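Heads up, the thing below is written out as structure tokens.
Number of protein chains: 2
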Amino acid sequence: MFEHEKELYEAKANILKALAHPTRLFMAEKLLQRDYCVCEFVKMIDADISTISKHLSILKNAGIVKDDKRGKQVYYHLKTPCILQFTECALNIIESNQKEQSKLISHIESDMED
Amino acid sequence: MFEHEKELYEAKANILKALAHPTRLFMAEKLLQRDYCVCEFVKMIDADISTISKHLSILKNAGIVKDDKRGKQVYYHLKTPCILQFTECALNIIESNQKEQSKLISHIESDMED
DNA sequence: AGTATATTTGGTAAAATTACCAACCATTGT
DNA sequence: ACAATGGTTGGTAATTTTACCAAATATACT
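Just so you know, the sequences run in chain order A and B. Residues in the first sequence are numbered from 461 upward in steps of one, following this note's numbering. Residues in the second sequence are numbered from 461 upward in steps of one, following this note's numbering.
Shown next as structure tokens:
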């Protein structure tokens, strides 16, 4: 792995890392619909305002969202909706994992019968 | 955010988390081409075998790859190539971030002139 | 100016991630 | 049976992430 290659993988991994948190993923997906301000997210998510604000700044630093001050409020906007296209494939993986899980459990159960 | 919703976001975030590391991303992308064994990755990546093995097991636990023992070697196979489709969008984000960066720098430079 | 509302920032403790080494297990070849 | 090769697992230290509280900032309203 060459140096410039490594840097690119780091950059790509950083974008994934920014999205790889339930709260941040939730907010990013919400932003597919429309812009939201911090105070709206506060109503939806059970966490401290400061926590939510920091999560948003992580998304912002990754270049996924941008902020936009409107009066007292700060609205967040999804710059690149395409980054959430992974969802469909992720659901396939989750489903497949659940099937594997239940297969495993039934194997264990049949082993118990002996 | 409801409980079952929360679980789904956690599951999706876990898949992203598994991919959100330069080494794991590199390996996953390599596996788009063909199956690779651990010893092949060891030659490509500057890290301990045990580190590489653990990274692969993280991808495996997330359900992204599966392993397949062939003689002394363990080959890894990409189960769901679609999960790497985010790359194209990620490159757009990276490019856009770089542009913002250079814009910022030129602003700072012109401020220095005053 | 002073208050209320909206948000960010700094500090800090707890938890998770990462990487390496050493030890272990599995398979092949002698 | 023994050595060699390929890989995983356990332990541990360093780093990063996360969440909260408290304090600071910014805007609108009185």
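Glycine is no exception: its CB is placed at the ideal position from the N, C-alpha and C atoms. Treat the numbers as computed from the prediction; the structure is a model and nothing was measured.
Under 7 angstroms from the C-beta of Leu476(B): neighbouring residues of chain A: For the purposes of this step, residue 476(B) is taken as the residue at position 16 of the second sequence. In chain order: Leu476, Leu479 and Ala480.
Contact check, Gly523(A) vs Ile553(B), beta carbons under 7 angstroms: One-based indexing of the first sequence puts residue 523(A) at position 63. One-based indexing of the second sequence puts residue 553(B) at position 93. Yes, these two residues count as a Cβ contact at 7 angstroms.
Any C-beta of chain A under 7 angstroms from that of Phe546(B): Residue 546(B) sits at position 86 when you count from the first residue of the second sequence. With 7 angstroms as the cut-off, Phe546(B) counts as an interface residue toward chain A.
Residues near Thr547(B) by beta carbon distance below 8 angstroms, same chain, minus five either side: Taking the first residue of the second sequence as position 1, residue 547(B) is located at position 87. Cβ neighbours of Thr547(B) beyond the five flanking positions: Glu489.
Per-residue contacts from Leu485(A) into chain B (C-beta, under 7 angstroms): Sequence index remark: in the first sequence, residue 485(A) carries index 25 (1-based). Tyr469, Lys472 and Ala473, listed in chain order.
Contact list for Gly523(A) against chain B, beta-carbon separation under 9 angstroms: Position 63 of the first sequence, counted from the first residue, corresponds to residue 523(A). Neighbours of Gly523(A) on chain B, chain order: Ile553, Ile554, Ser556, Asn557 and Glu560.
Segment contact flag, the stretch 506 to 520 of chain A with the stretch 505 to 524 of chain B, C-beta cutoff 8 angstroms, min 3 pairs: Short answer: they don't touch.
Against chain A: residues of the stretch 507 to 541 of chain B by CB proximity under 8 angstroms: Ala522, Gly523, Ile524, Lys539 and Thr540
Inter-residue spacing [alpha-carbon to alpha-carbon] between Lys539(A) and Gln533(B): Along the first sequence, one-based indexing puts residue 539(A) at 79. Along the second sequence, one-based indexing puts residue 533(B) at 73. Answer to the nearest angstrom: the Cα atoms are 44 angstroms apart.
Neighbouring residues, chain A, relative to Cys499(B) (Cβ below 8 angstroms): Stepping through the second sequence from its first residue, residue 499(B) is reached at position 39. Residues of chain A passing the Cβ test: none, with the nearest at roughly 16 angstroms.
Short CB-CB distance (under 7 angstroms) between Ala550(B) and chain A: Counting from one through the second sequence, the residue named residue 550(B) turns up at place 90. Ala550(B) counts as touching chain A.
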